[in-house]
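In the UniProt record's numbering, the protein residues as written are 1 to 575.
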Ligand SMILES: *[C@@H]1O[C@H](CO)[C@@H](O)[C@H](O)[C@H]1NC(C)=O
Ligand SMILES: *[C@@H]1O[C@H](CO)[C@@H](O)[C@H](O)[C@H]1NC(C)=O
Ligand SMILES: *[C@@H]1O[C@H](CO)[C@@H](O)[C@H](O)[C@H]1NC(C)=O
Ligand SMILES: *[C@@H]1O[C@H](CO)[C@@H](O)[C@H](O)[C@H]1NC(C)=O
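What follows is the structure in structure tokens.
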């Protein structure tokens, strides 16, 4: 787009949106008076801006949308408020990359302009049609505040940056009729194509308390017919936002195109529960004849099920990276600070580092790992090996920039006799972590890392393990304890927790943590349990940040190996 065109777009959007936007809020709180308030502080040189996580230069960001690779260029669109640091005026902002690490920002790709999206352009997905033509299906908010599904195509298929998009005149292609709740009908998935040549997509919805993935079919991706039955539904789960449905290979890390259907593959259905603001997934079987999905026995399809991430991580979306035959996961990480703080700093929201995602060899859960490309940012490195940490001691790891780092550590636990006995009532790992924080002495553990810690450790975010004895087996708990993460006020300091399916008697227990000023992403057990936290230290900023390994258990633990790297700054959406 030319400068002149951008300015027309901006002025047009300003006047249209600020007047018209009202009431179509999904479940985001609306701060009408703040939607166009610009920050008073410069966005540069802020302690909580990240150096290698995806974020726009300023303002509000939420869901990742339509991730794809086209002609060798990665695309990320995202829900964005061009005018302020709170949710509102939502458009599809757009950035491209050749490596998923460094990003170039473009003008918004899709923004309110027609009756079928005049009150907002909400989340959606990209699908490649035969011949490699990308199509975007997204939710528009119409003048009656109804949620409808719209289609857009690139204006110029020769432009690898796909900067301009044309909305179909036939929009909306799916409307909330025949009993569909017009306020609970959104977030179309990437389409998949059956053996009959017809396309399928699902849309998140609910009927009373039953969350569901409404299924539509189409011969041409334009004319859509609703199926009698949803692809899947589950009672007492409330609204399903941002469903994602894709095949996974039964063995290995290789990803599959979304349309791959054969008896050899498993399928994953992920939903973002509006009620809990957490995401849950099941592993199961897709029956192409009945067009129905069934979770495997034992795979729980409600708020007691498996999560991608046991901290903050929402509205996620995967895509198949055909260039490297892998499936990559994007997820939105919101702030844990107050709205006043967000407005003051002028921005809100991050995207997690993209994660490779595959089925564990057990077939019972997924595994995630930061994409290998992020390792290009690794700079100065320090290593430790075969280092015992006695109970009640800490060990500083110095020589790297502790506020901007990547750490991989693995622990060897040879003696487990002192493990605390597991109580059968401890079924909720998050509650257990808040009861047994890093300062609560145990038998085997708590041991792990203190990150973004002040020199005196008054401020610290602890990511750690505890091992419990449960009859003949051992249970590994992983926690991210934010209770002492900041001396600041008005911050959500909830502790998060997950059980990690690792046998500590026969396997090393590993932890990888990515630290980036105000975000801590942790991967336990080689990616079997992930926890993402937001923290806002007052002392542990810049050179005031330190990194320690610690053990607060009765038994010593051995660091088999530890590598820590300073992380370089990536070029992300620079002006
Ligand atoms: C389409 O994009 C290509 C590549 O950027 C460019 O060379 C060409 O001029 C564009 N065509 C139009 C009609 O804008
Ligand atoms: C439709 O969904 C909205 C938003 O969740 C809810 O407030 C409303 O009660 C629902 N209407 C019906 C008829 O279920
Ligand atoms: C999920 O479903 C299981 C089995 O039906 C049930 O026992 C459990 O209480 C449910 N959990 C939630 C959070 O609804
Ligand atoms: C956003 O952050 C707040 C405060 O930590 C939390 O209560 C809420 O559930 C979060 N929402 C999402 C979608 O993560």
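Beta carbons are placed, not taken as given, at the ideal position from N, Cα and C, and that holds for glycine.
- Between residue 334 and residue 349 a beta carbon distance of about 6 angstroms is seen, short of the 8 angstroms cut, so the two are scored as contacting.
- In this structure, the C-beta of residue 208 approaches ligand 2 to less than 7 angstroms from one of its heavy atoms.
- Three or more beta-carbon pairs separated by less than 8 angstroms link the stretch 465-485 to the stretch 518-537, which places the two stretches in contact.
- Annotation: the stretch 427-460 contains the following complete segments of the beta strand (DSSP E) (minimum length 3 residues), in chain order: 444-453.
- Distance between residue 540 and residue 482, taken at the CA atoms: about 13 angstroms.
- Residue burial is scored here from C-beta neighbours: residue 375 has fewer than 16 other C-beta atoms within 10 angstroms and is therefore classed as exposed.
- Of the candidates 497, 462, 467, 472, 462 places its Cα closest to the Cα of residue 484.
- Residue 222 sits exposed, since fewer than 16 C-beta atoms from the chains shown fall within 10 Å of its C-beta.
- Around residue 396, the same chain offers 546, 547, 548 as residues with beta carbons nearer than 8 angstroms, after the five sequence neighbours per side are excluded.
- Here residue 432 is buried, its C-beta having at least 16 other C-beta atoms within 10 Å.
- A contact is defined here as three or more CB-CB pairs under 8 angstroms, and the stretch 184-196 meets this definition with respect to the stretch 249-262.
- By DSSP's assignment, residue 141 forms a beta bridge with 147.
- DSSP places residue 544 within a helical segment (H, G or I) once states are collapsed to three.
- Taking a C-beta distance under 8 angstroms as the contact criterion, residue 248 and residue 359 qualify as a contact pair.
- For residue 387, the enclosing beta strand (DSSP E) starts and ends at 378-389.
- Your pair residue 63 and residue 315 checks out as a contact, with CB atoms roughly 4 angstroms apart and the cut at 8 angstroms.
- Inter-segment contact for the stretch 71-86 and the stretch 371-389 is absent: fewer than three beta-carbon pairs are separated by less than 8 angstroms.
- Looking only at 284, 518, 217, 427, the smallest Cα-Cα distance to residue 337 is reached by 518.
- Residue side-chain check: residue 428 keeps its Cβ at 7 angstroms or more from all non-hydrogen atoms of ligand 3.
- With contacts defined by Cβ atoms closer than 8 angstroms, residue 403 and residue 542 form a contacting pair.
- Counting C-beta pairs with one atom in each stretch, the stretch 202-217 and the stretch 232-240 have three or more that are closer than 8 angstroms, which means they touch.
- Beta bridge pairing from DSSP links residue 80 with 61, 91.
- Proximity of the beta carbon of residue 334 to ligand 4 is indicated: a heavy atom of the ligand is located closer than 7 angstroms.
- If you look at residue 575, you'll find it isn't in any beta strand (DSSP E); DSSP assigns it neither H nor E.
- An exposed status is given to residue 427, since fewer than 16 other beta-carbon atoms sit within 10 Å of its beta-carbon.
- Rounded to whole angstroms, the separation of the alpha carbons of residue 330 and residue 198 is 27 angstroms.
- Remark: the shortest separation between the CB of residue 178 and any heavy atom of ligand 2 does not fall under 7 angstroms.
- Residue 325 has its alpha-carbon roughly 6 angstroms from the corresponding atom of residue 254.
- For residue 342, the three-state secondary structure derived from DSSP is helix.
- About 5 angstroms separates the Cβ atoms of residue 242 and residue 187, confirming a contact at the 8 angstroms cut-off.
- The C-alpha of residue 284 lies about 15 angstroms from the C-alpha of residue 307.
- Shown here, residue 408 sits in a strand according to DSSP, grouped into three states.
- Close CB contacts of residue 515 within its chain, under the 6 angstroms cut and outside five residues either way in sequence, are with 405, 451 (chain order).
- Under DSSP, residue 373 shares a beta bridge with no residue.
- Residue 110 is positioned such that its CB atom lies closer than 8 angstroms to that of residue 165.
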